[in-house]
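Numbering (the numbering used here), first residue to last: 5 to 264.
Ideal placement from N, C-alpha and C gives every residue a C-beta, glycine not left out.
Being a predicted model, the structure only gives us computed values, none of them experimental.
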């Protein structure tokens, strides 16, 4: 494919996936994306798509890929067809991604608002660690490199998969950055017992979660009276608890976490 064809192809892709404010919600048809899928998709996006769309997905006039909602691709299956088959009679070429690559690209596009590469002031990572473990009380829920609670997601490699801007928003507006797989769940057994927790795995018939007491629980959906995936993050906002300098320090610390 020539450079001109690539540019045209990306432009048409952007038009096909143009944001659609009239579609009220598309989180339901979308999948539960893992951090690894999103990070992998981000690398593929950088290699295949930034020439036209730019790092933030807004380089093509009138197109904003960061929205995560698209006119011609309401479900992930729709999005996969657009990417894989192209659009007949237009300059939109078919992209030959394998299954893992396609899953990664879709995961990244659906979560691109968390990877705006935007600026966020970075402070001192050592001070941030102290705030994270002390004033913030973050280890009461989160685990880092083997230390802390398992109630909330492990943050040991969060700096390898999230941008500074995204991390800052996670601290100040947790609901806006909560990935689908990390949404809390509420299950009610037939005997009325309520189980609240975070999903670890889920399929058509069962769900495995860690409850708010750090117990691993496996549930069969047919045995449940109620099963609800919640949309409000249990994490509080630190917008008022940390001052701007402290937020910058905590962001620097989180960004330094790249795993072992």
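On the DSSP bridge assignment, give the partners of residue i in chain order.
i	result
residue 78	DSSP, once it has assigned bridges, lists no residue as partnering residue 78.
residue 222	212
residue 228	193
residue 86	In DSSP, residue 86 forms no bridge with anything.
residue 147	152
At the 7 Å Cβ level, is residue i part of the contact set with chain D, yes or no?
i	result
residue 180	The structure shown contains no chain D; it holds only a single protein chain.
With burial defined as no fewer than 16 other Cβ atoms inside 10 Å of the residue's Cβ, what is the status of residue i: buried or exposed?
i	result
residue 114	buried
residue 234	exposed
residue 107	buried
residue 2	For residue 2 there is no data in the structure shown, the boundaries of the chain being 5 and 264.
residue 165	buried
residue 148	buried
residue 81	exposed
residue 190	exposed
residue 49	buried
residue 47	exposed
residue 211	buried
residue 104	exposed
residue 151	exposed
residue 37	buried
residue 163	buried
residue 264	exposed
residue 230	exposed
residue 188	buried
residue 51	exposed
residue 226	exposed
residue 223	buried
residue 201	buried
residue 247	exposed
residue 220	exposed
residue 138	exposed
residue 253	buried
The beta strand (DSSP E) with residue i in it runs from where to where?
i	result
residue 185	Per DSSP, residue 185 belongs to no beta strand (DSSP E) and is neither H nor E.
residue 205	198-206
Take residue i and list the residues in its own chain whose beta-carbon comes closer than 7 Å to its own, dropping the five residues that flank it on each side.
i	result
residue 256	126, 127, 128, 129 and 132
residue 168	124, 126, 255 and 259
residue 237	178, 179 and 182
residue 261	148, 159, 160, 161, 162 and 163
residue 142	136
residue 174	181
residue 250	135
Can you name the start and end residues of the alpha helix (DSSP H) that residue i belongs to?
i	result
residue 108	103-114
residue 163	162-165
residue 46	39-52
residue 135	129-137
residue 173	168-176
residue 258	248-259
Please list, in chain order, all residues of the same chain as residue i whose beta carbon is under 6 Å from its beta carbon, the five residues on each side excluded.
i	result
residue 156	145 and 146
residue 245	none
residue 111	37, 41, 42 and 45
residue 239	178
residue 87	99
residue 232	190
residue 243	176
residue 83	77 and 110
Quick one: what's got a C-beta closer than 8 Å to residue i's C-beta in the same chain, skipping five residues either side?
i	result
residue 154	147, 214 and 218
residue 228	191, 192, 193 and 194
residue 185	36, 37, 38 and 203
residue 89	98
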